[in-house]
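Visitor: Residue 257 in my numbering is what sits at position 121 of the sequence shown, and the numbering runs on without skipping anything.
The C-beta atom is built at its ideal place from N, Cα and C for all residues, glycine as well.
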Amino acid sequence: MATFIDVTGIAAFSRIFVFVILFIGAYVFFKHTHWFQHEWIAWIIALAVSLLIVVSDTVTNIVTNVTPWLAVLMFLAIFVLMAGKVLGTDVEEFPQAKAVFFIVLVLVFLVGTLAYLRSQLTAPGDVDEEGNLIQEQDYITTRNFIFHPKFMGIIFVLLVAIFTVALMAGNSVAGGQGGGH
């Protein structure tokens, strides 16, 4: 089924859209974090980062595929905030909400990126177009090593362990002064 982007021919300008999104995002990030003393330095660094990223076909395709999901997530966040206002709550009542939203945003982007990259390469045990099992063990390239399912599983388990320890260390379950049984 043809989408609006396919019918209108806007898909030919995807590199320009990716450049604009990355430039604005990088500039806002550098300006908000105050890493640079002058505004023009943040502007030049954002321009350089955007140009370097747009040169890569893989990164351009990643941004093109993940951006709609991030937009849906942003709309969902806006609807949740509006529903919260209707029910009488405020964002300031939940200080951890910003951190949780940021972590969810990063995880959605990371999962989308890893899924896209995994679909672009073949690993031993995959099936090719004719239904034959791929037997070659090409672990010489970094790409095939990092995106092998076992290695990605190890990284996922480590990330779960890190977040579990971080969340457990942040919350105290002890009553009173924290002492006692």
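1. For Leu158, which residues of its own chain have a beta-carbon under 6 Å away from its beta-carbon, when the five flanking residues on both sides are left out?
2. Output the boundary residues of the alpha helix (DSSP H) element that contains Val222.
3. Is the separation between the beta-carbon of Leu209 and that of Val247 shorter than 8 Å?
4. Within 8 Å, do at least three Cβ pairs link the stretch 216 to 228 to the stretch 165 to 172?
5. Can we say the stretch 187 to 206 touches the stretch 169 to 179, given the rule of at least three CB pairs closer than 8 Å?
6. Should His284 be labelled buried (16 or more other beta-carbon atoms within 10 Å of its own) or exposed?
7. Below 8 Å CB to CB, which residues in the same chain sit around Thr196 once its five sequence neighbours on both sides are set aside?
8. DSSP three-state label for Thr169, please.
9. Indicate, with yes or no, if the ligand GTP has a heavy atom lying under 7 Å from the CB of Val301.
10. Val301: buried (16+ other C-beta within 10 angstroms of its C-beta) or exposed?
11. To the nearest angstrom, how far is it from the Cα of Arg318 to the Cα of Arg254?
Guide: In terms of the structure at hand:
1. Within the same chain, Cβ atoms closer than 6 Å to the Cβ of Leu158 are found at Ser186 and Ile189, the five residues on either side in sequence being excluded.
2. Asp193 to Val222
3. no
4. no
5. Using a C-beta cut-off of 8 Å, the stretch 187 to 206 makes no contact with the stretch 169 to 179, since fewer than three inter-stretch Cβ pairs fall below that distance.
6. buried
7. Ser150, Arg151, Val154, Ile189 and Val190
8. helix
9. With respect to small molecules bound, the structure shown includes none, and the ligand GTP cannot be examined in it.
10. exposed
11. No statement about residue 318 is possible, as the shown extent of the chain runs from 137 to 317 and does not include it.
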